[in-house]
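A.B. asks: In my numbering, each residue carries its 1-based index in the sequence shown increased by 22.
The beta-carbon is built from N, C-alpha and C at its ideal position, and this holds for glycine as well.
Here the structure is a predicted model, which is why all the values come from computation and not from measurement.
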Amino acid sequence: MDCENCGERKAKIKLKEIENNEMRTLNLCTTCATLKGVSAGGGSAPMADLLAHLGGSTGDTLFDEAGEACEYCGTGAGDFRKSGRLGCPQCYAQFDRQLRALLRRVHGSSQHMGKVYVSTAPDADPEQVRLSTLRRRLERAVEIEDFESAADLRDAIHALTEVP
Numbered sequence: 023m024d025c026e027n028c029g030e031r032k033a034k035i036k037l038k039e040i041e042n043n044e045m046r047t048l049n050l051c052t053t054c055a056t057l058k059g060v061s062a063g064g065g066s067a068p069m070a071d072l073l074a075h076l077g078g079s080t081g082d083t084l085f086d087e088a089g090e091a092c093e094y095c096g097t098g099a100g101d102f103r104k105s106g107r108l109g110c111p112q113c114y115a116q117f118d119r120q121l122r123a124l125l126r127r128v129h130g131s132s133q134h135m136g137k138v139y140v141s142t143a144p145d146a147d148p149e150q151v152r153l154s155t156l157r158r159r160l161e162r163a164v165e166i167e168d169f170e171s172a173a174d175l176r177d178a179i180h181a182l183t184e185v186p
């Protein structure tokens, strides 16, 4: 099956997206999946590793309810224990009690007390913001070896920085 995003390469990753309360499945090649911020899997799932490390006192007792599953996407507590990933935003409400207990155990609290996101200053030069965005996208394209996109991004950056 071809990638549903670019149509050029074979799809190797199945991505489920939930948008406006509708679930859709996309079949993507590894390049397009990486551009969307999705890893190819196969690696370690940090939350699953954490649950395994915590062992019986937290992981096994909090997420062992075999019958409990998200009413929207069907992700079960056992699925979360295995993968360390929830299936949809509604999973957070479904597993709220277990997640809060897990966060209290791991972090000492279930409430975040961190930095506040500061958006782009209103007086920021839109051209500089665009240039910064293009540079980040260029770095990402080079990282994943998408050299065609990288060349296009390089040209766009050059056009913006060119002195008339």
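(1) Please report how far the alpha carbon of H180 lies from the alpha carbon of L156, in whole angstroms.
(2) Could you tell me the boundaries of the beta strand (DSSP E) in which L160 lies?
(3) Given V164, which residues of its chain have a CB within under 8 angstroms of its CB, disregarding the five upstream and five downstream residues?
(4) Taking I166 as the reference, give the member of N42, K58, T47, A33 with the closest Cα.
(5) Among the candidates L50, I40, C113, whose CA atom is the shortest distance from the CA of E26?
(6) To the nearest whole angstrom, what separates the beta carbons of C95 and M45, a pair I think is in contact under 8 angstroms?
(7) Classify G98 as helix, strand or coil using the three-state DSSP reduction.
(8) Between G109 and G98, what straight-line distance do the alpha-carbon atoms span, to the nearest angstrom?
(9) Is G78 helix, strand or coil by DSSP?
(10) Please classify A24: does DSSP put it in a helix, a strand, or coil?
(11) Helix or strand or just coil, what does DSSP make of R31?
(12) Taking only the alpha-carbon atoms, compute the straight-line gap between A33 and R103 and give it to the nearest angstrom.
(13) Can you tell me where the beta strand (DSSP E) with R107 in it begins and where it stops?
(14) Output the distance between the C-alpha atoms of E161 and L153, rounded to the nearest integer angstrom.
C.D. replies: Taking the definition as stated:
(1) Each residue's alpha carbon lies about 10 angstroms from the other.
(2) Careful: L160 lies outside any beta strand (DSSP E), inside the alpha helix (DSSP H) at 148-165.
(3) Non-local C-beta neighbours of V164 in its own chain, meaning closer than 8 angstroms and more than five positions away in sequence, comprise A172, ordered along the chain.
(4) The candidate whose alpha carbon is nearest that of I166 is K58.
(5) Ranking the options by Cα distance to E26, first place goes to L50.
(6) With 8 angstroms as the limit, C95 and M45 qualify as a contact, their Cβ atoms being about 7 angstroms apart.
(7) Secondary structure of G98 (DSSP, three-state): strand.
(8) Their backbone Cα atoms lie some 9 angstroms apart in a straight line.
(9) Per-residue confidence for G78 stands at a pLDDT of 47, beneath the threshold of 50, marking its modelled position as unreliable; the derived number appears in the next sentence. G78 falls in the helix class under three-state DSSP.
(10) A small fix is needed here, since residue 24 is Asp in this sequence, not Ala. Here DSSP, grouped into helix, strand and coil, assigns D24 to strand.
(11) In the structure shown, R31 sits in coil (DSSP, three-state: anything other than H, G, I, E or B).
(12) Looking at the backbone, the Cα of A33 and that of R103 are separated by about 27 angstroms.
(13) Counting along the chain, no beta strand (DSSP E) covers R107, and no H or E run does either.
(14) Straight-line Cα distance between these residues: approximately 12 angstroms.
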